[in-house]
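Asks: Sending over a structure as structure tokens; questions will come in a sec.
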Amino acid sequence: LFRSVMEKLVPKKIVSIGDGKYRVDFGQEISGWLHLLNISGEAGRKINIRYICESPVGDNSYTLKGGGPESYAARFTWFVFREVEISGWPGELKPDQLMAEAVYSNIETTGIFESSDTLFNKINQIWVRSQKDNMHGGIASDCPHRERSPYTGDGQVSCVTVMHNFDATAFYSKWIQDILGAQNPQTGYVPNGAPWQPGCGGGVAWGAAINIMPWEFYLHYGDIDMLKNNYAGMKEYIRYMLTWTNKEGIMFSQAPDTANPNQWLNLGDWAVPDKLPPDNMVHTFYLWRCADFTSKTAKVLGYKDEAKKYAYLAVKTKKAFQNKFYDKEKGTYGPFGGNIFALKMGVPPDQRPSVIAALKTDIAANGGHLDTGIFGTQFFFEVLAENGMQDLAFEAMNKKTKPSFGWWIEQGATTTWEQWDGTGSRNHPMFGGAITWFYRELAGMNIDPLLPGYRNIIVKPQPTGDITFASYSNETPNGMAAVSWKKNADRFNLVIKVPVGSTSTVYVPALNAKNITESGKEINAKSSVSFLKMENGYAIFSTGSGDYSFDSQL
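No gaps in the numbering here: position 31 of the sequence shown is 54 in our numbering, and each next residue is one more.
Structure (structure tokens):
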């Protein structure tokens with residue numbers, strides 16, 4: 024679990040800059056160190072290494088002992104770099120004398136996403152790189168250079184994306200235990216980082232990690248012990264949240280020091296491209312989210328009365344949110360994430376058309392771009408997809424102008440950044456919470472909350488834009504599960520793998536069910552596939568374990 028040399032990168036480019044100095048580019052930014060190999064030179068010669076990224080990360084050096092080929096790499100820290108500058112090198116520097124070693128927690132990559140859109144593939148890749156760079160010693164840091172701190176808000180907002188890419192069972196078992204251990208036993212307050220409190224930056228959504236991460240872990244891995252171990256902590260955080268909730272049900276916060284509240288410890292959303300939504304809107308949203316997850320946890324654990332208690336709190340909080348933040352005259356909860364949070368919670372049927380229209384207007388006013396911070400962005404793309412706006416989700420993800428993931432890449436990014444405008448750290452994985460859209464909506468593999476751990480896999484691809492191919496696979500607790508689809512003008516092919524011990528509910532895009540085949544054969548009562556119904560342009564089937572290939576007419 025603790026950090027190891029996980030990858031080795033060879034130089035992509037070496038440039039001599041004179042006087043025994045060289046600048047070396049390894050092609051992508053990593054956390055780790057430079058390994059010097061087979062150096063020959065006189066005793067006492069000092070080779071200096073300057074690690075290059077946007078933040079000061081320290082330098083180191085090696086003094087030759089002489090007498091034969093020598094090798095050196097750091098042991099007690101890591102550096103963050105794509106490029107290094109080397110001075111004092113004896114003779115000509117050859118490519119086989121350098122190796123960049125990426126160092127992070129020993130965590131297996133299990134999820135693979137691919138599509139016909141090269142930008143989408145690159146966005147996924149730079150997030151994976153950034154996440155790896157920030158996994159050290161059983162915690163996930165906000166950035167691997169400037170702060171190196173285990174922020175709980177960053178952790179909860181990206182944990183689902185982590186679980187879709189890595190076997191994070193041991194990693195999160197350890198870190199969630201740290202978060203529970205950091206909870207204040209008197210007040211229920213969960214700090215903005217664990218197992219230590221970082222210097223600044225946090226709020227209600229940070230402490231909400233104690234409710235969110237165990238539930239998401241349970242959904243992904245089917246581990247009920249995670250819920251048992253953290254249920255008391257989940258309840259305690261809600262107890263704390265309610266001390267900052269007014270009689271109307273709206274949550275605000277001045278924690279933890281009521282006499283001298285620190286705004287840096289009371290943040291709502293963060294890292295927005297323009298303006299922040301109201302803090303009490305974000306806080307109330309997370310009160311609803313924590314109550315909802317705690318109710319579901321109580322139900323799984325068999326605590327019926329407590330399940331009802333927290334379900335009531337969730338409903339009450341949702342209504343308070345709607346009463347406070349819905350502008351009846353304008354038909355909106357507002358930009359900068361307001362309508363996104365509202366739709367994620369669920370709005371009354373009579374509000375839904377106007378809220379969707381308002382959201383479309385907001386996006387159009389931004390030229391098709393998002394306008395959200397780290398928490399709003401987590402839900403932005405999937406909320407659009409789930410509410411009939413998959414085309415707008417595609418357009419926003421496909422942008423190469425600011426603010427967008429694509430703009431970062433246009434600037435040369437090989438990791439995800441802290442701010443949409445490129446200020447601050449350029450190695451922050453927190454915005455990765457958004458890219459579950461690739462796996463769950465575009466490729467279309469989803470967990471069934473009633474049968475967690477992928478015991479029933481819901482396959483529902485949403486082809487959009489000019490995408491002709493998408494696939495996603497992951498090693499589930501029952502084994503490898505995969506979905507892959509291809510489409511042309513009038514045909515759609517969907518291939519799935521359902522591991523032994525699992526079933527699937529499959530949504531096949533189709534005009535009707537009549538002409539759909541599975542593995543080239545007609546689907547009938549004798550097939551291992553059962554037709555359920557047609558719904559909103561999909562033919563829905565159920566299957567057992569195995570490999571299946573559906574062909575349909577669009």
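Quick reminder that beta carbons are idealized off the backbone N, C-alpha and C, glycines included.
Which residues in the same chain have their Cβ closer than 7 Å to the Cβ of GLU93, if we skip the five residues on either side of it in sequence?
Replies: Reading the sequence shown from its first residue, position 70 is the one you call residue 93. Correct list, in chain order: ILE62 and LEU87.
Asks: Starting from the N-terminal side, write out each stretch of the alpha helix (DSSP H) that is 4 residues or longer and does not extend beyond the stretch 422–457.
Replies: Whole alpha helix (DSSP H) segments, 4+ residues: 428–433.
Asks: Among PHE102, TRP112, TRP431 and PRO500, which has the Cα closest to the Cα of CYS166?
Replies: Stepping through the sequence shown from its first residue, residue 166 is reached at position 143. The option with the nearest alpha carbon to CYS166 is PHE102.
Asks: Starting from GLY502, trace the alpha helix (DSSP H) in both directions and tell me its first and last residue.
Replies: Sequence index remark: in the sequence shown, residue 502 carries index 479 (1-based). Looking at the DSSP string, GLY502 is not in any alpha helix (DSSP H); the run it does join, the beta strand (DSSP E), is 502–510.
Asks: Starting from GLU498, trace the beta strand (DSSP E) in both directions and tell me its first and last residue.
Replies: Counting from 1 along the sequence shown, the entry for residue 498 is found at position 475. 492–499 is the span of the beta strand (DSSP E), which, as asked, contains GLU498.
Asks: Just confirm the distance between the C-beta atoms of GLY161 and LYS197, as a whole number of angstroms; I'd bet it's less than 8 Å.
Replies: By 1-based counting over the sequence shown, the position of residue 161 is 138. By 1-based counting over the sequence shown, the position of residue 197 is 174. Going by Cβ atoms, the distance from GLY161 to LYS197 rounds to 4 Å, so yes, they are a contact pair.
Asks: Hey, could you find the ends of the alpha helix (DSSP H) ILE273 is sitting in?
Replies: Translated into positions along the sequence shown, residue 273 becomes position 250. Here ILE273 belongs to no alpha helix (DSSP H), and DSSP marks it neither H nor E.
Asks: Excluding sequence positions up to five away, which residues of its chain have a Cβ less than 8 Å from the Cβ of LEU324?
Replies: Position 301 of the sequence shown holds residue 324. Once the five neighbours on either side are set aside, the close Cβ partners of LEU324 are ILE247, LEU250, LYS251 and TYR254.
Asks: Alpha carbon to alpha carbon, how far is VAL338 from TYR127? Give it in angstroms, no decimals.
Replies: Residue 127 sits at position 104 when you count from the first residue of the sequence shown. Residue 338 sits at position 315 when you count from the first residue of the sequence shown. So the alpha carbons of these two residues sit roughly 42 Å apart.
Asks: What would DSSP say about ALA562, mapped onto helix, strand or coil?
Replies: In the sequence shown, residue 562 corresponds to position 539, counting from 1. Strand at ALA562.
Asks: Using DSSP bridges, identify the partner residues of ARG46.
Replies: By one-based count along the sequence shown, residue 46 stands at place 23. Paired residues: VAL38 and GLU108.
Asks: By Cβ distance below 6 Å, which residues in the same chain neighbour LEU534 in space, the five residues on each side in sequence not counted?
Replies: Indexing the sequence shown from 1 puts residue 534 at position 511. Closer than 6 Å at Cβ, skipping near neighbours: GLN576.
Asks: Smallest Cα separation from ASN511: which of ASN421, VAL529, TYR477 and ILE490?
Replies: Taking the first residue of the sequence shown as 1, we reach residue 511 at position 488. Ranking ASN421, VAL529, TYR477 and ILE490 by Cα distance to ASN511 puts ILE490 first.
Asks: Using the Cα positions of PRO218 and SER542, report the straight-line distance between them to the nearest angstrom.
Replies: As a position in the sequence shown, residue 218 is number 195, starting the count at 1. As a position in the sequence shown, residue 542 is number 519, starting the count at 1. Their backbone Cα atoms lie some 52 Å apart in a straight line.
Asks: Under 6 Å Cβ to Cβ from ASP385, same chain only, skipping five residues before and after it: list those, please.
Replies: For the purposes of this step, residue 385 is taken as the residue at position 362 of the sequence shown. Taken in chain order, the residues that qualify are PRO358.
Asks: What's the gap between the Cα of THR395 and the Cα of ALA387?
Replies: As a first step, residue 395 is located in the sequence shown; it is residue number 372 there, counting from the start. As a first step, residue 387 is located in the sequence shown; it is residue number 364 there, counting from the start. Near 14 Å, if we compare the C-alpha coordinates of ALA387 and THR395.
Asks: Taking the runs of the alpha helix (DSSP H) that are 4 residues or longer, which of them lie wholly in the stretch 136–179?
Replies: Entirely contained in the stretch 136–179, the alpha helix (DSSP H) runs reaching 4 residues are, in chain order, 141–156.
Asks: DSSP three-state call for SER63: helix, strand or coil?
Replies: Within the sequence shown, the letter at position 40 stands for residue 63. Coil, per DSSP.
Asks: Where do the ends of the beta strand (DSSP E) carrying SER84 lie?
Replies: Position 61 of the sequence shown holds residue 84. SER84 -> beta strand (DSSP E) spans 82–86.
Asks: For ILE519, which residues in the same chain have their Cβ closer than 7 Å to its Cβ, ignoring the five residues on either side in sequence?
Replies: The sequence position of residue 519 within the sequence shown is 496, counting from 1. If we look at ILE519 and ignore the five residues flanking it on each side, its Cβ neighbours are VAL482, ALA505, VAL506, SER527, VAL529 and TYR571.
Asks: Using a 10 Å radius around the Cβ and a threshold of 16 neighbouring Cβ atoms, would you call ILE149 buried or exposed?
Replies: In the sequence shown, counting from the first residue as 1, residue 149 sits at position 126. ILE149 is buried by the Cβ-count criterion.
Asks: Could you give the residue range of the beta strand (DSSP E) that holds ASP570?
Replies: For the purposes of this step, residue 570 is identified with residue 547 of the sequence shown, where counting begins at 1. Element bounds for ASP570: 569–576.
Asks: CA-CA distance, THR210 and GLN200?
Replies: For the purposes of this step, residue 210 is taken as residue 187 along the sequence shown, with counting starting at 1. For the purposes of this step, residue 200 is taken as residue 177 along the sequence shown, with counting starting at 1. C-alpha separation (whole angstroms): 18 Å.
Asks: Buried or exposed: GLU115, going by 16 or more other Cβ atoms within 10 Å of its Cβ?
Replies: In the sequence shown, counting from the first residue as 1, residue 115 sits at position 92. It is exposed - the Cβ of GLU115 has fewer than 16 other Cβ atoms within 10 Å.
Asks: Let me know the secondary structure DSSP gives GLY361 once reduced to three states.
Replies: Locating residue 361 in the sequence shown gives position 338, where the first residue counts as 1. Here GLY361 sits in helix by DSSP.
Asks: Could you tell me whether the Cβ atoms of PHE194 and ALA466 are closer together than 8 Å?
Replies: Mapped onto the sequence shown, residue 194 falls at position 171. Mapped onto the sequence shown, residue 466 falls at position 443. Not closer than 8 Å, so no.
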